[in-house]
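**Student:** Below is the structure I would like to discuss, written out as structure tokens.
Numbering (full-length UniProt numbering), first residue to last: 1 to 66.
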């Protein structure tokens with residue numbers, strides 16, 4: 001079995017669709033979209049991290065007022 005077929009089987013096993021052909025967007029467009037989505041993800045993660053930090057600090061005895 002070749003690697004392309006093996007990877008396609010793994011994708012199908014996880015109930016995902018396999019892209020056939022070259023797709024509709026360029027490599028550059030895909031990179032830009034991935035970077036944009038990662039920036040949104042990173043922003044959301046930082047907000048959650050700050051919120052978790054705030055809650056932890058509030059739970060400590062003699063913590064400063066936030």
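Every residue, glycine too, gets a C-beta built ideally from N, C-alpha and C.
By the DSSP assignment, the alpha helix (DSSP H) with residue 52 in it spans what residues?
**Tutor:** Residue 52 -> alpha helix (DSSP H) spans 27-59.
**Student:** By how many angstroms is the C-alpha of residue 16 removed from the C-alpha of residue 6?
**Tutor:** Roughly 14 Å separates the two Cα atoms.
**Student:** What residue does the alpha helix (DSSP H) around residue 9 start on, and which one ends it?
**Tutor:** Residues 3-13.
**Student:** Alpha carbon to alpha carbon, how far is residue 26 from residue 56?
**Tutor:** Roughly 45 Å separates the two Cα atoms.
**Student:** Could you check the C-alpha separation between residue 34 and residue 20 for me, to the nearest Å?
**Tutor:** For residue 34 and residue 20, the distance between alpha carbons rounds to 20 Å.
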